[in-house]
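J.: Numbering (my numbering), first residue to last: 15 to 619.
Glycine is no exception: its CB is placed at the ideal position from the N, C-alpha and C atoms.
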């Protein structure tokens with residue numbers, strides 16, 4: 015280790031009295047940074063709370079509309095027997111929010127059974143009685159309302175600002191919706207809360223991104239769409255009901271928050287960064303001015319000493335940043351010519367980077383054999399080396415007729431095919447948070463749930479298999495174009511208890527999972543030939559994700575060493591957003607092959 019010739023203590027002793035101004039510098043910087051952090055957090059909190067508060071106000075308004083709609087609807091339905099009283103009619107005519115109600119029976123959504131409207135509203139905009147009936151009923155989501163939803167949309171037309179709300183109002187004894195209400199309300203009922211909020215721009219969008227309320231009323235009467243707005247797209251795709259982020263628009267940065275109303279509309283609160291950064295910048299400038307005045311008389315004296323201390327430290331900082339980015343090929347000591355503790359620190363940094371470089375080599379090598387998740391846990395000491403019992407999803411796959419293929423091909427062709435195939439399959443596994451346990455020839459064994467488990471392990475595993483089905487078709491298309499034979503595979507999934515941990519000898523150990531669940535998963539995969547499909551799952555897997563995928567009956571197979579037969583299920587596709595998506599390829603279904611020594615029988619799920 016390099017010997018200290020000129021200790022930093024002596025340097026500090028010489029310049030301590032001259033660096034009094036530096037104390038002011040650090041104090042000022044820390045104060046302004048603290049003020050900046052507090053100010054930024056305050057603006058973020060205000061902006062976020064404004065969106066949340068506004069969403070609650072929207073909910074209260076909609077609740078009020080729903081209550082009044084249910085009240086009026088009772089009498090509108092009864093009016094079919096001509097008992098709509100004058101008092102109830104006046105109440106509707108003078109309502110401050112609702113301008114039109116139409117009642118539909120769910121068995122016939124083409125024409126309302128009863129309706130009413132405010133004549134004063136039509137008179138205000140010089141409209142005829144047919145204005146509301148002219149709305150294209152097919153464009154309104156009445157079927158969604160029939161299924162029990164409440165839907166709110168912008169209904170502004172011809173610069174007449176309106177909001178449409180669809181509400182289920184009556185159900186039969188089986189809780190099936192029998193009557194729905196199509197309600198038009200005045201946009202001003204919502205608009206009055208969004209006139210002026212200072213530096214904050216607060217507005218409301220429906221589920222399609224159309225403006226329901228905005229400080230700029232032109233946006234409302236012209237039904238301006240924010241469907242392509244960055245925040246709206248993120249809000250409509252997010253599973254969160256509220257969040258906040260920085261958005262760049264026209265080279266300007268905005269702090270924007272959204273909160274989703276209970277009934278669907280999105281409340282957006284936005285503030286330009288420059289509007290709250292200004293005071294912070296002013297404080298910084300004032301602090302800088304005072305600091306310059308204090309340091310002016312001492313700057314000449316401390317320049318020499320500060321350069322010998324600060325410049326090497328700044329270099330160390332820049333090297334530290336490079337190290338944090340993974341650059342370990344540095345020779346720090348040669349770049350910092352200092353004879354004090356900083357020079358010693360530079361030498362220590364070189365030793366540290368060498369150790370980090372070696373560790374990184376080991377980690378990269380281990381990643382290829384164990385997977386990144388297991389490697390991280392092993393390096394951090396969190397892997398249970400003694401073994402533990404866990405609920406795990408186990409996956410097996412192999413290539414059909416691989417032995418025949420390998421015997422008729424050169425070693426280079428076989429290895430090339432395997433590497434190309436394995437690369438595609440492994441990417442699907444990693445994409446869905448799985449871990450590749452091992453490769454055995456053409457077979458792949460993967461697991462979900464180790465070293466850490468997730469509620470989505472089973473779903474992720476099935477999704478990975480469906481991805482493999484799709485990606486295999488793409489791979490085969492490329493192989494056929496190259497004049498090569500397509501690949502057929504079989505996949506099996508099982509879910510249950512396993513023992514996970516490291517097994518082996520003192521000289522060679524491997525992290526893996528063992529147990530009956532693993533053996534059964536292999537047996538399931540082997541049964542795909544008998545059932546004419548590329549993917550079979552166990553009953554345990556099916557029970558865990560029965561509502562998320564499309565299944566069909568397969569059959570039963572007698573597993574070795576078990577008295578009860580094993581029930582197997584095919585996976586035909588996925589259910590996404592309520593839509594059934596069949597995922598089928600030319601390689602996913604084929605004529606079943608009789609499996610020697612096995613018994614299969616059809617079984618209904």
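#1: Take the Cβ of residue 486 as the centre, count every other Cβ of all protein chains shown within 10 Å, and call the residue buried at 16 or more, exposed below.
#2: According to DSSP, residue 411 sits in a beta bridge with which residue or residues?
#3: Which runs of the beta strand (DSSP E), 3 residues or longer, sit entirely within the segment 257-309?
#4: Helix, strand or coil, according to DSSP, for residue 163 in the structure here?
#5: Can you find the residues in the same chain that come closer than 8 Å, C-beta to C-beta, to residue 73, ignoring five residues on each side of it along the sequence?
#6: Give me, in chain order, the residues of the same chain whose beta-carbon lies closer than 6 Å to that of residue 468; leave out the 5 immediate sequence neighbours on both sides.
#7: Suppose the cutoff is 8 Å on Cβ atoms and the five residues either side in sequence are ignored; what does the same chain contact list for residue 542 look like?
#8: Kindly give me the distance between the Cβ atoms of residue 562 and residue 452, rounded to whole angstroms, as I take these residues to be in contact under 8 Å.
#9: DSSP three-state label for residue 444, please.
#10: Would you check whether the ligand PLP has a heavy atom nearer than 6 Å to the C-beta of residue 452?
#11: Between 251, 454, 545, which has its C-alpha nearest residue 607's C-alpha?
#12: Among 208, 366, 450, 554, which has the Cα closest to the Cα of residue 68?
#13: Please name the residue, chosen from 499, 531, 502, 498, that lies closest to residue 514 on a Cα-to-Cα basis.
#14: Whole angstroms is fine: what's the gap from residue 233's alpha carbon to residue 266's?
#15: Run through DSSP, which three-state label would residue 607 get?
#16: Please check the pair residue 4 and residue 409, which I expect to be a contact at CB under 8 Å, by giving their CB distance rounded to whole angstroms.
#17: For residue 177, count neighbouring C-beta atoms within 10 Å of its own C-beta (all shown protein chains included) and say buried if the count is 16 or more, exposed if not.
#18: By how many angstroms is the C-alpha of residue 43 removed from the C-alpha of residue 363?
#19: Could you check the C-alpha separation between residue 560 and residue 593 for me, to the nearest Å?
#20: In terms of alpha-carbon separation, which member of 129, 48, 61 lies closest to residue 144?
#21: Just how far apart, CA to CA, sit residue 179 and residue 135?
#22: DSSP has residue 136 in a bridge; who is on the other side?
#23: Compute the Euclidean distance between the alpha carbons of residue 218 and residue 203, then round it to the nearest angstrom.
#24: Along the chain, where does the alpha helix (DSSP H) that runs through residue 254 open and close?
#25: In angstroms with no decimal places, state the Cα-to-Cα distance between residue 221 and residue 244.
#26: Once the 5 residues before and after residue 186 are set aside, which same chain residues still bring their CB inside 7 Å of it?
#27: Would you mind working out which of 164, 228, 498 sits nearest residue 210, comparing C-alpha positions?
#28: Thinking just about the alpha-carbon of each residue, which of 139, 235, 189 is nearest to the one in residue 168?
#29: Going by the CB atoms, is the gap between residue 456 and residue 412 shorter than 7 Å?
#30: Can you say whether residue 303 is buried or exposed, counting buried as having 16 or more other CB atoms within 10 angstroms of its CB?
#31: Whole angstroms is fine: what's the gap from residue 160's alpha carbon to residue 194's?
#32: Measure the C-alpha to C-alpha separation of residue 555 and residue 414 and round it to an integer number of angstroms.
#33: From the DSSP secondary-structure annotation, give me the bridge partner or partners of residue 581.
#34: To the nearest whole angstrom, what separates the beta carbons of residue 260 and residue 269, a pair I think is in contact under 8 Å?
#35: Suppose contacts are defined by Cβ-Cβ distances below 7 Å. Is residue 483 in contact with residue 599 by that definition?
#36: By a C-beta neighbour count over all protein chains shown, 10 Å radius and 16 as the cutoff for buried, is residue 139 buried or exposed?
T.: The relevant details are as follows:
#1: Taking the first residue of the chain shown as position 1, residue 486 is located at position 472. By the 10 Å Cβ count, residue 486 comes out buried.
#2: Translated into the one-based positions of the chain shown, residue 411 becomes position 397. Partner(s): 458, 505.
#3: Runs found: 266-274, 280-286.
#4: Counting from one through the chain shown, the residue named residue 163 turns up at place 149. Three-state DSSP puts residue 163 in coil, outside helix and strand.
#5: In the chain shown, counting from the first residue as 1, residue 73 sits at position 59. Excluding sequence neighbours, residue 73 sits near 275, 276, 277.
#6: One-based indexing of the chain shown puts residue 468 at position 454. Contacts found: none.
#7: For the purposes of this step, residue 542 is identified with residue 528 of the chain shown, where counting begins at 1. Excluding sequence neighbours, residue 542 sits near 504, 505, 506, 548, 549, 550.
#8: To locate residue 562, count along the chain shown from 1; it is residue 548. To locate residue 452, count along the chain shown from 1; it is residue 438. Incorrect: roughly 28 Å between the Cβ atoms, too far for contact.
#9: Taking the first residue of the chain shown as 1, we reach residue 444 at position 430. The answer is helix: DSSP assigns residue 444 an H, G or I state.
#10: Absence of the ligand PLP is noted for the structure shown, with no ligands found whatsoever.
#11: Here residue 607 corresponds to residue number 593 of the chain shown, with the count starting at 1. Out of 251, 454, 545, 545 has the C-alpha closest to the C-alpha of residue 607.
#12: Translated into the one-based positions of the chain shown, residue 68 becomes position 54. Of 208, 366, 450, 554, the residue nearest in Cα terms is 208.
#13: By one-based count along the chain shown, residue 514 stands at place 500. For residue 514, the closest of 499, 531, 502, 498 by C-alpha to C-alpha distance is 531.
#14: Locating residue 233 in the chain shown gives position 219, counting from the first residue. Locating residue 266 in the chain shown gives position 252, counting from the first residue. Linking residue 233 to residue 266 through their CA atoms gives a straight-line distance of about 21 Å.
#15: For the purposes of this step, residue 607 is taken as the residue at position 593 of the chain shown. Of the three classes helix, strand and coil, the one that applies to residue 607 here is coil, per DSSP.
#16: Here the chain has residues from 15 to 619 only, and residue 4 is not among them.
#17: Here residue 177 refers to the residue found at position 163 when the chain shown is read from its first residue. With 16 or more Cβ atoms within 10 Å of its Cβ, residue 177 is classed as buried.
#18: Reading the chain shown from its first residue, position 349 is the one you call residue 363. Reading the chain shown from its first residue, position 29 is the one you call residue 43. Taking the straight line joining both Cα atoms gives about 28 Å.
#19: Residue 560 sits at position 546 when you count from the first residue of the chain shown. Residue 593 sits at position 579 when you count from the first residue of the chain shown. About 15 Å.
#20: Locating residue 144 in the chain shown gives position 130, where the first residue counts as 1. Checked all of 129, 48, 61; the closest Cα to residue 144 is 129.
#21: For the purposes of this step, residue 179 is taken as residue 165 along the chain shown, with counting starting at 1. For the purposes of this step, residue 135 is taken as residue 121 along the chain shown, with counting starting at 1. Straight-line Cα distance between these residues: approximately 17 Å.
#22: Walking along the chain shown from the start, residue 136 turns up at place 122. Answer by DSSP bridge pairing: none, since residue 136 is not bridged.
#23: As a working note, residue 218 is residue 204 in the chain shown. As a working note, residue 203 is residue 189 in the chain shown. Roughly 12 Å between the two C-alpha positions.
#24: Residue numbering aside, residue 254 sits at position 240 when the chain shown is read from its first letter. That residue, residue 254, is in no alpha helix (DSSP H); it is neither H nor E in DSSP.
#25: Position 207 of the chain shown, counting from 1, holds the residue named residue 221. Position 230 of the chain shown, counting from 1, holds the residue named residue 244. So the alpha carbons of these two residues sit roughly 14 Å apart.
#26: Your numbering for residue 186 matches position 172 in the chain shown. If we look at residue 186 and ignore the five residues flanking it on each side, its Cβ neighbours are 192.
#27: The residue labelled residue 210 in the question sits at position 196 within the chain shown. The option with the nearest alpha carbon to residue 210 is 228.
#28: Here residue 168 corresponds to residue number 154 of the chain shown, with the count starting at 1. Comparing Cα-Cα distances from residue 168 to each of 139, 235, 189, the minimum goes to 235.
#29: Here the question's residue 412 lines up with position 398 in the chain shown. Here the question's residue 456 lines up with position 442 in the chain shown. Result yes, Cβ atoms of residue 412 and residue 456 sit closer than 7 Å.
#30: Locating residue 303 in the chain shown gives position 289, where the first residue counts as 1. Exposed: under 16 other Cβ atoms inside 10 Å.
#31: On the chain shown, position 146 is the one that residue 160 refers to. On the chain shown, position 180 is the one that residue 194 refers to. Going from the Cα of residue 160 to the Cα of residue 194 covers about 7 Å.
#32: For the purposes of this step, residue 555 is taken as the residue at position 541 of the chain shown. For the purposes of this step, residue 414 is taken as the residue at position 400 of the chain shown. Residue 555 and residue 414: Cα-Cα distance of roughly 24 Å.
#33: Locating residue 581 in the chain shown gives position 567, where the first residue counts as 1. 570.
#34: Taking the chain shown and counting its residues from 1, one reaches residue 260 at position 246. Taking the chain shown and counting its residues from 1, one reaches residue 269 at position 255. Sure, about 6 Å apart at Cβ, within 8 Å.
#35: Taking the chain shown and counting its residues from 1, one reaches residue 483 at position 469. Taking the chain shown and counting its residues from 1, one reaches residue 599 at position 585. Against a cut-off of 7 Å, the Cβ pair of residue 599 and residue 483 comes out as a contact.
#36: Walking along the chain shown from the start, residue 139 turns up at place 125. With fewer than 16 Cβ atoms within 10 Å of its Cβ, residue 139 is classed as exposed.
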